[in-house]
Structures are given as structure tokens and as C-alpha cells.
Ligand SMILES: Cc1ncc(COP(=O)(O)O)c(C=O)c1O
Ligand SMILES: Cc1ncc(COP(=O)(O)O)c(C=O)c1O
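Residue numbers (my numbering), protein chains in the order written: chain A, 1 to 254; chain B, 1 to 254; chain C, 1 to 413; chain D, 1 to 413.
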């Protein structure tokens with residue numbers, strides 16, 4: 001389903017924008033405003049991160065995870081919120097991003113089924129490589145949502161191909177080593193990396209590379225299918241609120 | 001010389017009193033007053049302790065040693081003072097008490113000669129056993145002063161006899177284990193100890209046993225030749241001055 | 001142990017890593033496997049530990065303690081006599097040799113109590129590696145002496161202010177560093193946790209403890225011990241000594257967790273013996289964690305920083321299921337009492353971590369027969385813990401000393 | 001050594017004791033001689049040291065330091081890896097065995113830095129003896145951690161407020177105690193000083209260091225070392241290692257005294273290399289003391305409490321005269337630098353005392369040939385010195401930590 005939806009969108013627009021937020025940070029009300037701004041700015045895919053106490057993200061997202069948990073954000077509240085928001089914005093693609101223990105704690109199959117039931121189209125779980133993910137992959141498949149694996153600069157060509165066998169809908173490609181939130185220069189070596197991804201990956205390529213500005217976006221836009229924007233949005237949100245997020249996202253395509 | 005002098009005195013009076021003071025504590029002026037009181041109280045023998053930084057005495061005498069040194073008391077000043085005092089009280093027997101390093105530092109022979117020259121009749125040096133004291137004994141002999149060794153409760157009979165061969169004039173007998181300043185009960189076991197000393201020692205017996213009062217003195221007086229009074233006098237001096245020392249000493253024979 | 005390819009022990013273990021680290025960890029596995037099958041590597045390791053760290057560490061007969069308790073004869077495996085004062089150095093020097101083989105020039109490590117940080121900084125100084133240590137802000141505060149030595153040893157200590165600001169957050173931070181730096185850097189994980197091959201590899205380096213202990217106890221007493229006690233933080237010292245006796249089924253292996261203020265208090269670090277310990281996936285492994293029903297990890301508590309950890313080695317989680325190891329917990333109060341008794345009876349100061357093993361042995365020894373033998377693994381020495389032990393024993397002279405020191409510093413500035 | 005009856009080494013040594021101790025000391029001599037001529041005693045001693053203290057201690061090749069200095073190859077004898085962290089335990093356990101033989105039930109000891117006090121309290125706990133330690137008031141103040149451990153080990157620590165309130169006064173106080181208590185009590189003197197048989201006896205127990213070192217250096221390098229460096233407080237660790245090489249005349253033995261603020265400053269503890277060191281008699285022995293012309297002892301100074309002593313072993317005074325040992329001094333500043341360098345290059349923290357030996361070796365090694373071998377005796381580990389090293393290195397974070405600790409204590413009361 002995700003793959004078809006993405007491909008359909010890509011026929012009209014390229015690159016798509018995939019925007020990220022952390023559920024419960026700073027609050028669900030704020031999340032709702034941010035989603036609204038994102039949708040109004042034309043964002044096609046929204047990545048809802050369910051906070052986890054052992055996140056391996058970079059400092060900005062990590063902090064947001066912590067704050068959300070400190071505010072008492074529970075996984076079940078995230079599901080409730082997601083259900084409402086998916087219903088409210090039926091034309092937007094929503095994904096869950098979280099860590100494997102969140103799935104594991106309630107049962108991977110239950111998680112996938114519930115996600116599907118509320119209209120989530122895919123899940124990004126960075127700490128479950130496909131080799132550990134048999135149960136996860138099977139659960140996604142039987143529930144009918146797409147497991148989205150990560151492709152990284154350190155992944156050899158051979159393995160890029162292997163990973164494609166497990167990934168559905170999107171190839172979530174990482175623009176540089178390290179965790180989320182670090183800026184990558186949109187230089188020749190990044191373009192070479194994308195070309196390497198292209199050669200081995202037959203899925204739409206979503207690239208996360210620490211986009212900071214329209215300039216970054218423009219430099220890389222011709223080469224990719226989906227631009228992932230994460231950390232920058234959290235920063236903007238903290239500096240100038242949901243409204244700022246909307247303005248920033250709109251600016252990218254102006 | 002010391003032996004004859006002591007014996008001559010013992011023909012008239014028994015026990016003799018041997019009183020102790022620490023030179024330079026609290027000052028030479030005070031020392032002079034104390035000696036004057038001692039002589040006036042009828043003390044026959046006065047033990048002048050030259051202070052030493054590594055004294056092994058008990059706390060009261062130790063403290064007096066430290067204070068004297070802190071006041072800048074030097075060994076040569078002690079000699080100067082002793083010279084004057086011996087001249088001033090020609091009928092009193094004066095002894096030096098100190099530790100071996102004080103002799104060693106200026107040469108044992110020089111020390112003995114100088115002591116003799118100023119009229120000192122004997123020396124008590126607790127940390128020089130006769131086995132280490134060949135040079136010391138020879139120096140005393142050639143200078144004509146008496147080396148006075150200690151006899152203690154732990155000394156076996158055999159050794160008591162041996163020590164007599166080195167000691168001249170007085171056998172300085174210790175009433176109990178430990179250092180100076182601890183009171184010994186004038187009980188049966190002390191009298192037994194004195195009897196043991198008597199059996200092996202053919203010198204006049206001076207006993208130091210932490211005498212505190214006339215009662216102590218009376219209890220032991222019949223058994224000994226010389227009563228050594230040390231720590232108590234320092235305490236009296238600090239409580240009630242030279243005058244107090246005189247009163248205390250006079251009280252013993254009243 | 002089923003799937004050695006990905007380091008599974010029953011249902012536990014695995015490699016729950018982000019894709020970015022995949023190649024790096026496989027590279028490590030390759031080097032580790034090569035080293036493991038190369039006898040000369042172990043020889044090099046052993047002779048390094050002999051000449052640098054004082055191995056073999058002795059097995060000391062605790063005669064007074066045994067007589068006082070009136071039951072089993074107690075022997076103490078003296079990991080406290082290692083260079084840097086704990087078993088941590090065994091693992092660290094082994095990984096140091098491996099780092100050299102991999103041609104890497106930089107090491108990073110997490111640390112809780114600071115013992116593993118000091119050991120890693122020591123190894124880095126010895127091998128000439130650049131070194132950065134991740135340490136939670138709370139641990140930095142309570143373990144300043146170790147921070148001081150790490151810095152003097154040339155390491156950079158990065159204060160981790162995320163999450164609970166403790167060991168688990170330091171581990172997360174180290175993984176974050178590693179996902180940038182894996183080309184030049186080896187992550188020296190400090191215990192038998194994390195993704196494969198760490199649990200197996202760390203347990204292998206620590207197995208030197210068990211090999212020695214078995215040989216020593218048999219040579220000394222002519223028979224096998226009835227029980228072996230070891231404290232369980234991440235699991236490295238316990239696996240180290242237990243591994244020498246796995247095949248001797250008559251030997252009961254007892255792992256002792258931090259009972260903190262009691263298992264009912266919610267303030268403990270008991271993963272394997274408390275109801276808060278549930279199977280989960282974090283920090284690269286599937287194992288038992290202290291967590292809530294939604295998979296969020298709890299804050300743990302122990303008087304000993306080294307046992308104050310949410311997870312536990314997957315190998316131990318498996319050994320609980322197979323019942324090869326029995327698990328118990330000792331409370332902070334029992335531990336302080338065990339320290340007091342061991343010092344007085346044997347002149348030996350156990351680390352607060354190790355004192356958990358002592359506390360359990362002290363509970364069980366009196367009920368055992370006089371001809372039975374107990375081995376307690378003293379994983380480290382306790383003088384490092386003076387700030388905590390002095391507080392636990394409420395020593396007023398110590399407080400006065402610190403206050404006077406502080407006044408002098410305040411005056412000096 | 002001329003008169004072994006009374007322990008003379010040339011003109012030095014002897015038994016300058018008060019008569020009250022005469023029998024007691026001769027009793028000790030008798031037991032000591034019997035033990036010395038009884039091979040089973042040494043075997044018992046050696047196996048106790050193996051099983052309790054981790055002997056033999058290793059000899060560590062300091063490759064980085066050697067390469068950095070570019071001269072002789074430096075090996076470190078690792079007495080720091082002993083139980084309680086220094087060579088002091090060698091002497092103490094030996095005297096403990098002797099105390100048992102003498103049937104005594106109480107031990108007393110002086111201590112300066114506190115190392116010997118901790119070692120003695122440890123031995124007393126192990127042997128079940130009553131224990132009292134004499135320690136100068138100033139040392140109690142600056143070495144509180146050691147006082148804390150002595151007390152936890154069950155010893156009573158008597159604060160000595162006499163004289164300079166330091167080591168020498170603690171020795172005097174211990175002799176005072178002994179002259180009451182000799183029937184039940186053994187005085188465990190902490191170094192190769194005092195009346196016979198202490199210098200010889202302590203040197204004998206410490207000779208285990210030299211025996212091991214010689215065997216180890218030859219086994220490791222195939223030849224004899226050119227020079228051996230050891231710090232000199234009372235002299236026990238230096239005599240311990242030197243004694244293994246006395247007959248090997250090609251081996252130069254170098255004793256390093258505490259140069260303090262410099263030999264011209266009057267603030268040092270250099271007996272054998274300064275003009276303030278003169279022959280004298282005190283503390284039971286004839287040897288060289290820092291004293292004035294009238295025989296009064298001076299206050300000494302050193303950054304390391306363990307070298308801060310007025311006297312020196314008569315055996316060493318004699319070895320200076322026979323020129324078998326060369327003596328040097330290292331200043332406080334050189335010592336701090338040596339600590340810094342040794343930590344960084346080798347991951348080893350020498351005690352400030354031992355760092356004197358390192359400082360001298362660091363001065364001489366670069367001028368030696370690459371195929372020459374140096375052995376440095378690391379008499380103890382430096383983590384006990386954290387309060388002093390942190391001050392010497394002026395660590396602001398440490399000061400902050402102490403100030404915060406103090407504030408917490410102040411608030412808690
Ligand atoms: C002395 C000591 N023992 C035990 C532990 C616990 O770790 P593990 O369970 O890996 O042995 C630590 C950890 O810091 C430690 O320092
Ligand atoms: C570690 C260490 N080294 C050396 C010394 C000096 O003593 P000695 O000269 O007897 O070895 C001391 C004394 O406390 C010490 O603690």
C-alpha cells in the first residue's frame with residue numbers, strides 16, 4: 001500500500017517531503033498544530049516518532065524523546081493521538097518511527113495490527129536489522145504495513161540489495177555516518193553516495209542528510225525521491241512554534 | 001666521687017631525695033628558683049635534664065622537653081646554667097640527665113670533660129645500654145664522672161649484676177614498666193621488686209616509681225636509699241610555681 | 001547456545017544494532033573469531049596480563065570468616081589485586097590487543113562507577129590509543145576520583161546529560177559516537193552486554209578468572225567447590241568465574257544482583273530476581289531489563305554504581321532459564337554489613353559491587369557443611385569506594401576532614 | 001657487616017634502647033633468628049604472601065617510557081600490586097607470623113603516610129591480633145582516608161600530638177607504649193630502622209622483592225640490569241630490591257631521597273645527600289639524621305609523607321660509606337612531573353614515594369645505552385595519594401567536588 005501510494009505521488013511531484021515529529025513533545029496539542037502546518041505546507045509523509053527511553057538519536061531528537069517521556073507520554077496515548085490525526089488528514093501518509101522495545105513490549109504482532117488499524121502505513125525501527133527482524137517483518141506483512149529499513153553509507157552494495165528484499169515502500173537512506181541531526185554537505189560525495197544507492201536499490205529513495213535550509217534542499221532535490229526533514233523541524237518548532245515549522249516547510253518549495 | 005658522696009650522705013639520712021627538672025623549662029630563671037627551693041627543702045641530689053627533641057619520657061617530661069626546645073634552649077646554654085648553679089649550691093650533688101645524641105653530637109669525651117669541669121658528678125642517659133656504651137663509659141671514667149645506668153623490673157637477676165659493673169655511685173632503679181610519669185602502687189609487689197634489686201645490686205638504690213604524695217614516700221622510704229621525684233615536681237611547678245615545689249618537697253620529710 | 005552466528009543464547013542476545021554499525025561489528029566479529037581461534041593471541045593476552053596486571057590473581061582462604069560463620073570453607077578469588085583494582089582490566093586489555101589487530105587508533109567506552117573508564121584509559125595509555133570516555137553526569141559527580149584518574153591517564157571524559165544521566169545513557173552515547181567514528185575507533189564495551197560479539201567476547205576475556213580459580217581451588221583443597229558466588233552488574237565478572245565451572249554440574253553457581261532498598265521498594269537493580277525485570281530489546285541486545293509494561297526503562301538504584309544498570313548479560317538471562325545459575329539479591333544494608341565483616345575478619349576491603357557476592361555467601365555459608373567449599377569472586381577492591389562507604393558507615397571524622405579540605409580550597413581561591 | 005650480635009653495619013646500627021626493653025628485644029632477636037634459620041618459616045611466609053598478597057608481583061616492561069626517553073630499557077617492579085597497595089605488607093606479614101610464634105596477641109605500629117598503619121591493621125585483622133597505631137596529628141589530618149581504613153580494620157588510631165606531630169614522634173610514642181606492654185605486645189616497626197634486629201629483620205622480609213626481581217629481570221631480558229632505582233624513606237623498599245643484587249657488582253644501586261623544595265631550601269628529607277644529614281643516635285639506632293649541631297632533630301619536608309623522615313636505615317648509611325649504593329635526591333616538582341609522565345606513558349600510577357625513584361630514572365635513562373636495563377622499584381600505588389596529587393596538579397574539578405561534598409555534609413547535619 002505504502003509503495004503504491006508513494007509511487008502515485010511521485011508521478012506528480014519529486015522529491016516528496018517527509019517530515020518528522022516526536023509524539024508528546026512538547027505536547028500532543030502542539031503535535032496537532034505541527035501536523036496541521038505540515039499538511040498545509042504540502043508535506044506528503046509524516047513520521048511520528050513514539051518516544052523511547054533508550055533512543056539512539058542525536059541530541060535534539062533525544063532531548064525531545066526525554067521531554068515527551070517526562071511529560072508522561074505513553075505508547076497507548078501515542079496510538080490514540082495517531083488514530084485521530086490519521087483520520088483528520090486522510091491524504092497524508094503517516095509512518096511510525098520508534099525503537100524495537102516499544103513494539104516488543106506489547107507484542108510485535110499486536111503493535112503492527114493496531115498500527116494498521118489506525119491507518120499507519122509503515123514503521124521505521126532503526127535498531128531492528130532484518131536479520132533480527134523475522135517476527136517483525138512477518139507481523140508487518142500479515143498486518144499489511146510496510147517495514148522500512150535503513151540504508152547507510154557503510155552498507156556495502158551487496159547488502160543494499162539484500163536490504164531491498166525486506167524493505168517495503170521506501171528505502172530510508174542515510175546521508176552520512178552518525179546519528180540524526182548532523183548536517184551533511186550536499187557535495188559531490190553525497191551525490192556519489194546517492195548514485196551508489198540508486199544502483200542497488202529499486203525503491204523510492206528517501207534521504208535524510210541533516211537538511212537545514214532551502215539551499216540544501218535545492219542542491220539535493222534533483223537526485224532523490226523523498227527528502228527527510230527531522231532535526232531541523234524540531235529546532236524550528238522550539239524557536240518559532242508550529243507556525244515556524246509551516247513557514248520553513250513552505251519555503252523549501254518556493 | 002659520686003659514690004663516696006652518696007654514701008657519706010646516707011650515713012646521716014635515708015632515704016635521700018633526688019629531684020628532677022628540665023633545663024630551660026619554662027626558663028632558666030624559673031629553673032634557678034626551683035633549684036633554690038629544692039636545696040632549701042633539703043634535696044640532696046638534683047637531676048638536670050638537658051632537653052632532647054626525641055625524648056622517650058612520659059607525657060609531662062616530654063612536653064617540658066618540647067617547650068624548652070621551643071624556647072630556644074641550647075645544650076651550651078644548659079652547660080652555662082649548670083656551671084652557675086653548681087657553683088651556687090656547692091653542697092648539692094648535680095647530675096645530668098639526657099639522651100645519647102646530645103653527648104654524641106659534641107663528642108662523648110668532650111661532653112664528659114665539660115660536665116666534670118663544671119662540677120657535674122654523674123650522667124643518666126637512658127638510651128645507652130652499657131653494651132653500646134664503651135666509649136661513653138670510658139669517657140666518664142677518664143673525665144671522672146659517674147655513668148648511671150637503669151635497672152628495671154624486666155631486667156633479669158643476672159643482668160642486674162652485670163649492670164652493676166658499669167654503674168657508678170647510684171643504681172637508678174625503675175619501679176615499674178613504662179616511661180616516666182606513671183604512678184606505681186607502693187604495694188607488696190613493689191617491695192618484692194626492691195628486694196630483688198637489693199639481692200643483686202651492691203650500689204645505693206635510687207627508686208623512681210611515680211611518687212605523688214607524702215603517703216607514697218612514706219610507704220617506700222624504709223626500703224630504699226634514694227627516692228627519685230620527677231614528674232610530680234613538674235606538675236607542681238606548673239600548678240603553683242617554684243614555691244610549690246619547695247613546699248611539696250618539704251612536706252615529704254615532715 | 002543456539003545461534004552463535006548472531007550470538008544467541010536461547011532466546012537472548014542477538015545484534016540489535018543500527019544499520020550504520022553493521023559492517024563495523026561484523027568486522028569486529030571477524031577479528032574476534034580469528035583471535036579466538038589463534039592460540040598465540042591468548043598466549044599474548046595471558047602474558048600481558050601476567051606482566052602488567054599481576055595475573056594470576058591469588059585465591060585466598062578466608063579462614064577467620066569461615067570459622068566465624070561456622071559452615072562452609074570460604075575462598076576468595078582476588079580480582080581486587082589486578083592493576084587498577086578490579087576484574088575490568090581483563091576485558092579491557094583483551095579488547096586493547098584486538099584494537100591493535102584491527103589497526104584502530106582510538107577507543108571509546110562507557111563507564112558507570114568509573115572502574116571501566118579507568119581501566120580503558122589505562123589500556124589506552126599503555127597501547128598509545130586516543131581515548132574518550134562517556135560517563136553520566138550523576139556518576140561523574142559521585143565518582144570524581146575516577147574521573148580525575150581518567151583525565152590524568154590522558155582520556156577525555158564526556159559528561160552525558162541525557163536520560164537518567166547514568167550508565168545506560170553513557171552506553172547510548174558511546175554507541176552514538178561509534179556510529180560516526182567506527183572507521184578509526186573501537187568501542188570497548190565494559191561488560192558482557194550489548195550486541196554480539198560483545199557478550200561472548202567479554203565473557204571470553206573474563207574466563208581467565210574461572211580458569212585460574214578452578215585450577216587453584218582444586219590444587220588447594222583437592223576438590224571442587226559446592227558453590228560459587230559472584231555479583232551481577234552487566235555480568236562480566238560472574239561469567240568470568242562461572243565459565244570455569246560450567247561443565248562441573250555439581251558446582252552451584254550463584255549470581256547476586258543489587259537488591260538496593262529491597263525488591264519491594266522499587267529502588268533496586270534486580271533484573272533477574274524482581275518482577276520489574278522483563279524481556280526486552282535495548283542497547284543492542286535482547287535480554288531482561290528493568291522496564292515498565294510499555295517498554296520504557298526504569299531508573300535503577302544500588303549503593304554500588306557498578307551494579308546500577310537496567311540490563312543484564314543475555315548469557316546470564318539464558319543461564320537463568322536453563323537453571324544453571326541461581327540468582328539472588330542482596331540489599332544495600334546487607335552489603336554494608338558484609339563489607340564491615342569482611343574487613344574486620346580478613347583484612348580485605350571488597351568493592352561494594354563484590355560485597356553483594358560476600359553478602360549472599362555470608363547468608364548461605366552457615367547452613368552448609370564444614371567440608372563444603374565456597375568461592376566468592378571479589379571482583380574489585382573497595383578503597384575506591386571510600387566516599388560511599390564513609391557515607392554509608394556515617395563516619396563523622398571523614399566528614400570533618402572533607403569539610404576542612406573544602407574550607408582550605410575556598411580560602412585558597 | 002661487622003657485629004651481627006648487636007646489628008652493626010660498619011659504624012651504624014646497634015641497639016640504643018632503654019633497659020626496660022632489653023629483654024623484650026632479645027626475645028625478639030631469638031625468635032627472629034630461629035625463624036631465619038628455619039626454612040619452613042620462609043616457606044610459610046612465601047606461601048602466605050602468594051595466597052594473600054598476590055606475590056610474586058610482576059616485573060612490567062615500560063616500553064613507552066623507554067622509547068620516549070630514548071635510552072635504557074626500563075622495567076618496573078610492581079610492589080603497587082600487593083594487597084594494600086605497597087611493599088609495606090611484605091614486612092608486616094612477616095612480623096605477623098613472628099608475633100604468632102612469640103605467642104603475643106597485640107601489635108602496635110607507628111605510621112607516617114598511613115600505608116604501614118593500614119598494612120599493620122590488615123595483618124592484625126587477618127591474624128586476629130588487637131592493634132593500635134600511632135600516627136602524628138599532622139599526618140592524621142593529611143591522610144584521613146588511611147585513618148578511616150585502619151579504624152574499619154579494627155585498629156585503634158592514637159593521634160600523637162608530641163614534637164613535630166609526624167612520623168618520628170609516632171615512633172617515639174610507639175616505643176613508649178612498648179615499654180609498658182612488651183609482655184603481650186609486638187611492635188611492628190615499619191621500615192628498616194630502629195634498634196637491632198629491626199633493620200636486618202625488615203630488610204630480610206623485604207628481600208623477597210629483590211629475589212623475585214633478579215629472577216624476573218634475568219628471565220625476561222637474559223641479562224643483569226645496569227641500574228636499580230628505589231626511593232629511600234626509612235629504607236625498606238630499597239633494601240628489599242637492592243639485596244637481590246648486592247653480589248652482582250656490575251649492578252649499580254641508586255637510592256633516591258626526598259629533595260623536597262631543593263637541598264638548599266632547608267625543606268627536604270635528604271639525610272644521605274644533604275649537609276644537614278649527620279651521624280647521630282636516636283630512635284634506637286646509630287645512623288644519619290637530619291639534625292643540628294647540638295643533636296636536635298629537624299623538621300623534614302617532602303611531598304610524600306612516606307619519605308618525610310629524619311633518619312635512615314643504618315644499613316643504607318653503611319652502604320653509602322662502602323659506596324655500594326649511590327644516593328640521589330628528587331625534588332617535589334620533579335616527582336610530580338614523574339607521576340604525570342608515568343601515568344600517561346604506561347597507565348601506571350606510582351605512589352609519590354615511588355615516583356622519586358621514577359624521577360631519578362627519568363633523569364638518567366636518556367644518557368644510557370639502549371641495550372642497558374634499568375629496574376625501578378614501584379613501592380606503592382598512587383591512588384591513595386589522590387588528595388595530594390590533585391592538589392599538586394591543582395585540579396579545579398576535584399576542588400569543586402570536595403567543596404560540594406562538604407556542603408552536603410554541612411547541610412546534612
Ligand atoms: C568491582 C566491580 N565489580 C562488579 C562490577 C559489575 O560488572 P560485571 O557484572 O560486568 O562484573 C563492576 C562494574 O563497574 C565493578 O566495578
Ligand atoms: C609506597 C611507599 N614507598 C616507600 C615508602 C618509604 O619507606 P621505605 O624507605 O621504608 O621503603 C613508603 C612509606 O610509607 C611508602 O608508603
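All C-beta atoms in this analysis are idealised placements derived from N, C-alpha and C, irrespective of residue type, glycine included.
On a predicted model such as this, the values are computed, not experimentally measured, just so you know.
In its own chain, which residues sit with a C-beta less than 8 Å from the C-beta of residue i, not counting the 5 before and 5 after it?
{"i": "residue 64 of chain C", "result": "345, 346"}
Tell me the rounded alpha-carbon separation between residue i and residue j.
{"i": "residue 388 of chain C", "j": "residue 153 of chain A", "result": "46 Å"}
{"i": "residue 141 of chain B", "j": "residue 6 of chain D", "result": "24 Å"}
{"i": "residue 113 of chain C", "j": "residue 9 of chain D", "result": "51 Å"}
{"i": "residue 253 of chain B", "j": "residue 221 of chain B", "result": "10 Å"}
{"i": "residue 92 of chain A", "j": "residue 197 of chain C", "result": "42 Å"}
{"i": "residue 169 of chain D", "j": "residue 318 of chain D", "result": "25 Å"}
{"i": "residue 148 of chain D", "j": "residue 254 of chain C", "result": "32 Å"}
{"i": "residue 286 of chain C", "j": "residue 220 of chain C", "result": "40 Å"}
{"i": "residue 89 of chain B", "j": "residue 1 of chain B", "result": "17 Å"}
{"i": "residue 29 of chain D", "j": "residue 3 of chain B", "result": "35 Å"}
{"i": "residue 14 of chain C", "j": "residue 75 of chain A", "result": "25 Å"}
{"i": "residue 130 of chain C", "j": "residue 186 of chain C", "result": "10 Å"}
{"i": "residue 56 of chain B", "j": "residue 243 of chain C", "result": "59 Å"}
{"i": "residue 41 of chain A", "j": "residue 96 of chain A", "result": "20 Å"}
For residue i, which residues in the same chain have their Cβ closer than 7 Å to its Cβ, ignoring the five residues on either side in sequence?
{"i": "residue 165 of chain D", "result": "136, 137, 138"}
{"i": "residue 233 of chain D", "result": "191, 306, 307, 309, 353"}
{"i": "residue 223 of chain B", "result": "191, 194"}
With a cut-off of 8 Å on the beta carbons, I'd call residue i and residue j a contact; round off their distance for me.
{"i": "residue 74 of chain D", "j": "residue 66 of chain D", "result": "5 Å"}
{"i": "residue 150 of chain B", "j": "residue 172 of chain B", "result": "5 Å"}
{"i": "residue 356 of chain D", "j": "residue 390 of chain D", "result": "Wrong, their Cβ atoms sit about 19 Å apart, outside the cutoff."}
{"i": "residue 54 of chain C", "j": "residue 342 of chain D", "result": "Not confirmed; about 17 Å, so no contact."}
{"i": "residue 155 of chain C", "j": "residue 124 of chain C", "result": "6 Å"}
{"i": "residue 48 of chain A", "j": "residue 104 of chain A", "result": "So it is not a contact: roughly 19 Å between Cβ atoms."}
{"i": "residue 90 of chain C", "j": "residue 240 of chain C", "result": "7 Å"}
Among residues of its own chain, excluding the 5 on either side of residue i, which ones have a beta-carbon nearer than 6 Å to its beta-carbon?
{"i": "residue 80 of chain C", "result": "378, 380, 381"}
{"i": "residue 134 of chain C", "result": "110, 158, 160, 170, 173, 174"}
{"i": "residue 139 of chain B", "result": "108, 109, 112"}
Checklist entry - Which residues, in order along the segment 130-153 of chain A, keep a beta-carbon less than 9 Å from a beta-carbon of chain C? => result Taken in chain order, the members of the segment 130-153 of chain A whose beta-carbon sits within less than 9 Å of a beta-carbon on chain C are 131, 132, 149, 150, 151, 152, 153.
Item to check | Selection of the segment 104-132 of chain A by Cβ proximity to chain C, strictly under 9 Å | outcome: Hits within the stretch, in order: 104, 105, 106, 126, 127, 128, 129, 131, 132.
Checklist entry - Taking Cβ-Cβ distances below 7 Å as the criterion, which residues of the segment 292-318 of chain D are in contact with chain B? => result Within the segment 292-318 of chain D, the qualifying residues are 293, 294, 295, 296, 297.
Item to check | Touch test, the segment 67-85 of chain A against the segment 121-133 of chain A, Cβ-Cβ under 8 Å, three pairs minimum | outcome: Short answer: they don't touch.
Checklist entry - Taking any Cβ of chain D, which residues in the segment 57-84 of chain C have a Cβ under 9 Å from it, in chain order? => result Residues of the segment 57-84 of chain C whose Cβ lies closer than 9 Å to any Cβ of chain D, in chain order: 57, 58, 59, 60, 61, 63, 64, 78, 80, 81, 82, 83, 84.
Checklist entry - When you check each C-beta in the segment 50-63 of chain A against every C-beta of chain C, which residues fall closer than 9 Å? => result Among the residues of the segment 50-63 of chain A, those with a Cβ less than 9 Å away from any Cβ of chain C are 51, 52, 53, 54, 55, 56, 57, 58, 59, 62, 63, in the order of the chain.
Item to check | the segment 365-374 of chain D / the segment 368-377 of chain C touching (three or more Cβ pairs under 8 Å) | outcome: Contact annotation: the segment 365-374 of chain D does not touch the segment 368-377 of chain C, with fewer than three C-beta pairs closer than 8 Å.
Checklist entry - Is it true that the segment 264-278 of chain C meets the segment 294-303 of chain C, where meeting means three or more beta-carbon pairs spaced less than 8 Å apart? => result Verdict: yes, contact present.
Checklist entry - Can we say the segment 20-37 of chain A touches the segment 55-69 of chain A, given the rule of at least three CB pairs closer than 8 Å? => result Counting Cβ pairs under 8 Å, three or more are found: they touch.
Checklist entry - In chain order, what residues of the segment 373-384 of chain D put their CB closer than 8 Å to some CB of chain C? => result Taken in chain order, the members of the segment 373-384 of chain D whose beta-carbon sits within less than 8 Å of a beta-carbon on chain C are 383, 384.
Next on the checklist: Along the segment 155-175 of chain B, where does the CB come closer than 8 Å to a CB of chain D? Name the residues.
Outcome noted: Cβ contacts with chain D: 155, 156, 159, 163, 174.
Next on the checklist: With three or more C-beta pairs closer than 8 Å as the rule, is the segment 232-241 of chain A touching the segment 29-39 of chain B?
Outcome noted: Short answer: they don't touch.
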